[in-house]
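Colleague: For reference, the structure I am asking about is given below.
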Amino acid sequence: MAEKYHKENLANGLTIITVPMPTKSVTGLFMVRAGSRWEQDKVAGISHFLEHMAFKGTTKRPSAMQIAEEIDAIGAEQNAFTGKEYTGYYVKAASAQLSLVIDMLSDMLQNSLFVEAEVERERGVILEEINMYEDHPSSKVGEISEELIFRGTSLGREIIGTKATVSSMTRKDIVDYRNNWYTPSNIVLVVSGGTTHHKVMELVNKHLGNWGGSKLKKTKSTKSIVQNKPALSIVNKKTEQTHMILALRTFDRFDSRRYPLLVLSSILGGGMSSRLFQEVRERRGLAYSVFSYSQSYLDAGYLGIKAGLDTKRLIQALEVIMQELRHVLTEEIPAKELTKAKEHIKGNFILSLEDSGDVANHYAVKYLLEGEIKTPQQVINKINSVTVEEVRAVAKDIIKDKNINFSAIGPIKDRQKIAKLLQF
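Here's what the structure looks like:
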């Protein structure tokens, strides 16, 4: 695993982290502490819009085609992604192409043109992306779920924005947003793979040493949401399957209970031998897909149980899910099951860090959002230390009627039956 790293700060506030790996590839990743949760309502989706404008032309490389040709000429890959709390841009290439990786990322970050014609072209692309998600209930139900869980707050908004906000956004809005948020002290650059810290710093000082900008952007927390009973959000739509998420409010990413929560999630729905997979799919054949996951933000979080199934089987499947939640709340968790859950988490985590891009993402998120770096082994140590008592305590903390948020998309006519089932 990638355990050794170097961290250095430039005078302008930019943080650089290098993670050497025994690979012949290298990934350069710029991650910005800017996401949909901190956008103003009138420009909701602007973080995503700006991300779409990456690699569309700079003063040095005026066209998207010129950038694409340079990337293709060395067999590299480039991409970008937007979340609710960060936005990332990366280039991955052979280690010998490190100079071009840093040059291209630095050029994009400092010198993007935002040509009006490109803005209009990309606006159309994003509007079609919105249409695509509307036609993809398995993805859309996740957005509906977070809208319900974090209702009335910006954390509940869709990352992509709405057709209205995307249609009304101007080039000036995008440039102003970039200038306000894309400053050195609000960004971390992680370079992982077959390189050295010295080589990276030589290139970074050359391309980014004189980059200026304002101080670290202050961000607001999500206001506390008061909930005293189960909440439902059901979109009645003609689909082949009903897609549902039963979510329970949990903790933020700084809470020490998030590690026992990961283990609890694995016990419930982390793999084909998990309780939910066995009870819902294997023994009863009620769903094709059923699993659980944990999502933590800076100041909030939830445990989600997601399933895709025939609408006629929704009630029965929900009964089984609620039954399994009651079991984990009231019954002892066997030591063997605890060990299996922890090994499952660790195995998946280790496999996720085989690629230089995944390693870069791990270090960037940890530093940018948590303010400190946890190496993979430190994370594994936290998982190893989880006890049965801690998992049971977390179950008692979260498995309560007032924490339930149920969301679904499909031709559903049993809202009242569903509401009656959502209680412990």
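Just so you know, UniProt numbering puts the end of the sequence shown at 424, numbered straight through with nothing missing. The beta carbon of each residue, even a glycine, is placed where N, CA and C say it ideally should be. Bear in mind that the values here come from a model prediction, so they are computed numbers and not experimental data.
Measure the beta-carbon distance from P62 to L113 and round it to whole angstroms, keeping in mind my assumption that it falls under 8 Å.
Modeller: Rounded, the Cβ-Cβ distance is 7 Å, consistent with contact.
Colleague: Quick one: Cα of L353 to Cα of S192, how far?
Modeller: If I take the Cα positions, the gap works out to 11 Å.
Colleague: Just the C-alpha distance for L148 and Q416, rounded to the nearest angstrom, thanks.
Modeller: Using only the alpha carbons, I get a separation of about 18 Å.
Colleague: Under three-state DSSP, which class holds E8?
Modeller: It is a strand residue.
Colleague: Does the distance from the CB of M244 to the CB of A96 come in under 7 Å?
Modeller: Taking 7 Å as the Cβ cut-off, M244 and A96 do not qualify as a contacting pair.
Colleague: Can you check whether the C-beta of R151 is within less than 7 Å of a C-beta belonging to chain C?
Modeller: In the structure shown, chain C does not exist; there is a single protein chain.
Colleague: In chain order, what residues of the same chain have a beta carbon less than 7 Å from the beta carbon of A116, not counting five sequence neighbours either side?
Modeller: Per the sequence shown, the amino acid found at residue 116 is Glu instead of Ala. Cβ neighbours of E116 beyond the five flanking positions: R171.
Colleague: Using only CA atoms, which one of A419, N179 and G271 lies nearest to E343?
Modeller: The shortest Cα separation from E343 among A419, N179 and G271 belongs to G271.
Colleague: Using the Cβ count rule (16 or more neighbours within 10 Å means buried), how would you classify F30?
Modeller: Buried is the call here.
Colleague: At 3 residues or longer, what runs of the beta strand (DSSP E) sit wholly inside the UniProt domain "Peptidase M16 N-terminal" (22-163)?
Modeller: If we require 3 residues or more, the beta strand (DSSP E) runs fully inside the UniProt domain "Peptidase M16 N-terminal" (22-163) come out as 25-32, 77-82 and 87-94.
Colleague: One question on the structure: do N12 and T59 come within less than 7 Å of each other, judged by their Cβ atoms?
Modeller: No, Cβ-Cβ distance for N12 and T59 is not below 7 Å.
Colleague: Roughly how many whole angstroms lie between the Cα atoms of K206 and E118?
Modeller: Cα to Cα, K206 sits roughly 29 Å from E118.
Colleague: For T23 versus S356, is the C-beta spacing smaller than 7 Å?
Modeller: A contact, by the Cβ cut-off of 7 Å.
Colleague: For V125, does the count of other Cβ atoms within 10 angstroms reach 16, so buried, or fall short, so exposed?
Modeller: Counting Cβ neighbours within 10 Å, V125 comes out exposed, since fewer than 16 surround it.
Colleague: Taking just the CA atoms, how far does A364 sit from Y182?
Modeller: For Y182 and A364, the distance between alpha carbons rounds to 15 Å.
Colleague: With distances taken Cα to Cα, identify the nearest neighbour of G142 among E129, G152 and G156.
Modeller: Nearest option by C-alpha distance: G156.
Colleague: Considering only residues of the same chain and omitting the five flanking positions on each side of A317, which have a CB-CB separation below 7 Å?
Modeller: Closer than 7 Å at the Cβ level, and outside the excluded window around A317, lie V280, L286, A287, A307 and L309.
Colleague: Just the C-alpha distance for V200 and V226, rounded to the nearest angstrom, thanks.
Modeller: Computed Cα separation, rounded: 48 Å.
Colleague: Which ranges does the beta strand (DSSP E) cover as unbroken runs of at least 3 residues, wholly within the stretch 173-242, from first to last along the chain?
Modeller: Counting whole runs of 3 or more residues, the stretch 173-242 contains the beta strand (DSSP E) stretches 187-193 and 231-236.
Colleague: Compare the beta carbon distance of T250 and T311 with 7 Å and say whether it is the shorter of the two.
Modeller: No, they are not a contact pair.
Colleague: Measuring alpha carbon to alpha carbon, tell me which of N179, A34, K238 and M65 ends up nearest D135.
Modeller: When only C-alpha atoms are compared, the closest one is K238.
Colleague: By the three-class DSSP mapping on this structure, what secondary structure does F291 have?
Modeller: Three-state DSSP puts F291 in a strand.
Colleague: Is the stretch 156-168 close to the stretch 39-51, with three or more CB pairs under 8 Å?
Modeller: Yes, the stretch 156-168 touches the stretch 39-51.
Colleague: Which first and last residues belong to the beta strand (DSSP E) in which G308 is found?
Modeller: Counting along the chain, the beta strand (DSSP E) containing G308 begins and ends at G301 to L309.
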